[in-house]
Amino acid sequence: MRAPLRLLVLVSGAGSLLQALIDAEAAGSLAAQVVAVGADREGTTGLERASAAGVPTFVEPVSAHADRATWDRALADRVGEHAPDLVITAGFMKILGPRLLGRWTVLNTHPALLPSFPGAHGVRDALAYGVRVTGSTAHLVDAGVDTGPIIEQRVVAIADDDTEATLHERIKAVEREMLVDVVTAMATGGWQVEGRRVRVGGAVG
Ligand code: GAR
């Protein structure tokens, strides 16, 4: 039997995506194990969720380093201590550097249907533009901002009375399920990247 995929999850905030992975692992349905959680800031709910689940944590703030390159190397060293098979950015609000991206496959979820509305305000930007549907995208991370190969997308309709907060909550509910499904598929079936297409568990996503 294949060993559970070792996941290292990077968080910056509330960590509800992380919690979905922890819960799926506890339920025995993930085929993967969250081996550590890293953050770029202290005192977040995401870190508390990890500790509550008995998962080791570390914090590597950009401000503790002279520049982004030094931070990138330090973060890659911390990640490497846990020998992950896959790194997941779950609401991690920093751009990863070449050292980390050169060593691991990194999976991200974004709260919009890429390539529309990349960046830090995907929900707000979709609302402001006036699109009628948005959603969430699971993709591999490359050197750009939300530009990597797409694995899966799920759609969320926008209601007339949506605010950024109400819309983001509905997107996050969809995003949590999608993340668990994508990680399970990657853990059980593996993945291959062919240009911009990702083949996960035998299906081209
Ligand atoms: C999620 O919606 C995630 O897609 C988004 O932050 C939220 C994290 O929620 N990430 C980005 O916008 C990255 N560009 P959480 O902290 O409750 O898991």
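Following this note's numbering, the numbering of the sequence shown begins with 2 at its first residue and continues without gaps. C-beta atoms are modelled at their ideal positions from N, C-alpha and C, and glycine is treated no differently.
Test: residue i CB closer than 8 Å to a CB of chain D
i	result
Met94	No chain D appears in this structure, which consists of one protein chain only.
DSSP beta-bridge partners of residue i
i	result
Val80	Its beta-bridge partners do not exist; DSSP assigns none.
Glu153	Ala139
Phe93	Note: Phe93 sits in no beta bridge, so no partner.
Thr164	According to DSSP, Thr164 bridges with nothing at all.
Gln20	None, per the DSSP bridge assignment.
Arg198	Ile151, Glu195
Leu87	Leu8
Residue i to residue j span [Cα, whole Å]
i	j	result
Gly206	Leu101	Any reading at Gly206 must be qualified, since the residue scores a pLDDT of 49, below 50, and its modelled position is unreliable; no value is offered.
Gln20	Arg50	7 Å
Pro85	Ala188	12 Å
Arg42	Val201	32 Å
Ala4	Val194	22 Å
Arg133	Arg177	21 Å
Nearest neighbour of residue i, chosen from the options [CA to CA]
i	options	result
Gly103	Gly196, Ala174, Asp73, Ala129	Asp73
Gly92	Ala75, Asp78, Val124	Val124
Val38	Thr46, Ala32, Leu31	Thr46
Leu11	Gly191, Met94, Gln154, His66	Met94
Ala158	Glu61, Pro112, Val80, Val142	Pro112
Leu87	Trp105, Ala186, Leu115	Trp105
Ala25	Val36, Thr110, Val63, Asp182	Asp182
The beta strand (DSSP E) enclosing residue i, as first and last residue numbers
i	result
Glu195	192 to 195
Leu11	6 to 12
Ala37	33 to 40
Residue i, enclosing alpha helix (DSSP H) - first and last residue
i	result
Gly103	99 to 104
Which ranges does the alpha helix (DSSP H) cover as unbroken runs of at least 4 residues, wholly within the stretch 106 to 133, from first to last along the chain?
123 to 130
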